[in-house]
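To start, the structure under review is shown below, and the notes come after it.
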Amino acid sequence: MAISRETVAEVKRRADIVQIIGEKVSLTPSGSNFKGLCPFHSEKTPSFMVNPQRGMYHCFGCGEGGSVVDFLMAHERMSFPEAIGALAQRTGMKIETGGRRPPGERALSVLEDARSYYHDLLMNRPEGEAARMYLRGRSLEEDAWSAFGLGFARDGWQGLVDHLSPKGFSLDDQLQSGLVRKGKSGNPYDMLRKRVVFPIREARGGCIAFGGRAISDQDSPKYLNTPETRLYKKGRVLYGLAEGMEAMRTSHRAVLVEGYLDVIRMHMHGIPEAVATCGTALTADHLEVLERYVRQVVLVFDGDQAGSKAAMRSAPLFFNRGLEARVATLPDGLDPDDFLLRYGQEALAERLSAAVPILEYLVWNTLQTHGNSPAGKERAMRELVPLLAGIRGEAARDMTLRYLADLLGVRADAIARMIRPADKAQGQTPSVAVTADLTSRDVRHQQMALAILMHQPGLTAMAKELLRPEELADADLRRLLERLLSLTDQELEGMNAEQLAERLPDVAPVIRVLVMETPRRFEALRRGAEIPQFESALQYEIAMIKESYKDTLWREAKQATGSEQEQLALRRYFKVRDQLCAMKSVATSRSAIYDGEKAAAEKQRIYGGQVPFPNWRKRTSPEIAAGD
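Under the working numbering, the first residue of the sequence shown carries the number 4, and numbering increases by one thereafter.
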């Protein structure tokens, strides 16, 4: 739909930018402007200004700015025509379209009128008593009916048709809405009958389709959705998005469940980020929609075989996107609706908080099926390897491979050898290069050190003093460390992982994969740990990295016998060895985390009883170590 410049200018002129932005941002007068906290980045002091005279907004903190149309496009994730259309509708302005009626406009009116009709039947009419009894029997009260606009389709073939026709909606309008069908005789009839009706809304709140739930167990199917139309594409629409959009923006999280009642129950129990697909499997288009609002998706599955299969189907969709996927499981046979009624909000919140990375869930579930024996692990590897073969980014693929190897307790190169045939089967060039002497434990120490630095920026100076990027064997992590050490503590302060990825776009994929694979012992450390504990933990990880690097230098020295390279490798070897000895004494004196019974218990909790520093040799060679 082409929109003239004059129309755009008139829409902007009529729209009250202060009122529209003020619905999303708390604005206060400041001279001739209005100011507030920027909705596009985190800040404590207002730097977001709106100028009503010029019809413009600007944030002096992050640089976002533009007209009221730009605001809707940025904040509401609208396209340009959608933003213009929303403002035109709000100001009562009709957009000229060359005499042609915009596609779907009449169908939208039909759907909205039908929503009001169904809702009135449920709330006020005697015919709706059966539906009211059903909903109360499901422990769903009237505040939920109103919040989600629930309705009732009565038991009759032409109840909706008889309601719409006198209002001027033609049969073609009704058929395009998907709510009315034409029988073999040519007569129209209602698609939804004797059902509780769930309006399905697009992100801006407009009704685009309906789902219907039979109120009698004798009626089938139990759930029935209106068909796809020009307005409604099941593979892109998420139920509950319109109601939960603001909560998702705040928490940066979406909770994906399966049913409409699950979504409603979770919203009414303080989990407004819940959404569901509309009777179809999760698609890449669904994730594209979610990426506009969140950074993490928690998938809630039953703890049975069906849940495992759903996770296996969903996992590949996440691997090539910027979304972190986690899985929360419920007891067998319970959906979120049942679980909340039985155990309550706090129990479900705990399950969501304990959600594990999707790959970890798949490994655990696969090992449960095949067993933890060598033969079982091999079968698990063969089942999981095709997932890795679908990861396009080399860095993300390599790190995911190492993570999988660590979870399975096998060498990364063993999995890499299995991936190559899968690559060839898919016509891909193998992209995973695994260093033979690099074990998964080495990588986990490097990941742990970087996780601490990303979440505790006050330790950057210590890292610069103790660790050099070349000491990290993993190329991607080495590049990330270089970029982290190039920033100051002040620059890192208050910056979350996603903001850091935006600040360092060249290593953004590595950051996102690292967040997905954050070592479990880091999560244990972060719960209640103080800065001195982080300091000692970082020193421990650096020590383990240096220990591996020292071994590498020793091998290089042996391979370069009688050459200048041997002398250089030996100098570096002894220097790293002396640093390790010094770090041992510094750690002992600076922190009590590894001293005494209390420290031993803390060490056991965080590191599973590993000895924090090995017994390094005390002898040095000052003559050789003096060089670099």
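We put the beta carbon where it would ideally sit given N, CA and C, even for glycine. Predicted model, so just to flag it, every value in this text is computed and none were measured.
- Scanning its chain for C-beta atoms nearer than 6 Å, with the 5 sequence neighbours on each side dropped, one finds around A511 the residues A504, in chain order.
- Contact annotation: R405 and V446 have beta-carbon atoms nearer than 7 Å.
- Closest in C-alpha terms to S29, from the list A18, V14, E9 and V53, comes V53.
- R400 places its beta carbon less than 7 Å from that of I394.
- Considering only E538, L583, Y576 and F577, the residue with the shortest C-alpha distance to M547 is L583.
- Across the structure, K225 and L333 are spaced so that their CA atoms are roughly 23 Å apart.
- Note: Y192 is bridge-paired with R184 in the DSSP secondary-structure output.
- C-alpha of A378 to C-alpha of S317: approximately 26 Å in a straight line.
- A contact between stretches requires three or more CB pairs, one per stretch, nearer than 8 Å, and the stretch 210 to 229 fails this requirement with the stretch 85 to 94.
- The shortest C-alpha to C-alpha distance from G325 to any of K578, F342, L293 and V113 is the one to L293.
- The alpha-carbon of Y543 is positioned some 13 Å away from that of L462.
- Within its own chain, the residues whose Cβ lies closer than 7 Å to the Cβ of R295, once the five positions on either side in sequence are excluded, are R80, listed in chain order.
- When DSSP states are grouped into helix, strand and coil, I422 belongs to the helix group.
- A direct Cα-to-Cα measurement between T280 and M248 gives close to 15 Å.
- Every beta strand (DSSP E) stretch that sits fully inside the stretch 219 to 245 and reaches 3 residues is listed by chain position as 226 to 228.
- DSSP, reduced to helix, strand and coil, places D305 within a strand of the structure shown.
- In this structure, I422 places its C-beta atom within 7 Å of the C-beta atom of V388.
- Within the stretch 147 to 183, the runs of beta strand (DSSP E) that reach at least 3 residues and sit entirely inside it are, in chain order, 154 to 156.
- In this structure, the alpha-carbon of M194 lies about 8 Å from that of T229.
- If you draw a straight line from the Cα of L556 to the Cα of L573, it comes to about 7 Å.
- Burial check for T369: the Cβ neighbour count within 10 Å reaches 16 or more, so the residue is buried.
- Cβ contact annotation for R256 (same chain, cutoff 8 Å, sequence separation greater than five): E276, V297, R298, Q299, V300 and V301, in chain order.
- The DSSP-derived three-state label of Y296 is coil.
- Counting of Cβ neighbours within 10 angstroms places Q459 among the buried residues, the total reaching 16 or more.
- Residues R118, H122 and P202 of the same chain have their beta carbon placed closer than 7 Å to that of G152, with the five preceding and five following residues left out of the count.
- The C-beta separation of Y263 from G214 comes to about 6 Å, placing the pair in contact by the 8 Å criterion.
- Rounded to whole angstroms, R216 and L182 show a C-alpha spacing of 15 Å.
- In this structure, S70 lies near G58, with their beta-carbon atoms less than 7 Å apart.
- Taken through DSSP and simplified to helix, strand or coil, P32 comes out as strand.
- CA-to-CA, the gap between G131 and R141 works out to about 16 Å.
- Sequence-distant Cβ neighbours of E67 in its own chain, meaning closer than 6 Å and more than five residues away, are F43.
- Nearest in C-alpha terms to T10, of all of Y60, I98 and G238, is I98.
- Distance from the CA of L143 to the CA of L227, rounded to the nearest whole angstrom, comes to 20 Å.
- Classified as buried, D265 has 16 or more neighbouring CB atoms from the shown chains inside 10 Å of its CB.
- Taken atom to atom, the span from the alpha-carbon of Q371 to that of V513 is near 30 Å.
- Within the same chain, and ignoring the five residues on either side of H373 in sequence, the residues whose Cβ sits closer than 6 Å to its Cβ are G379, R382 and A383.
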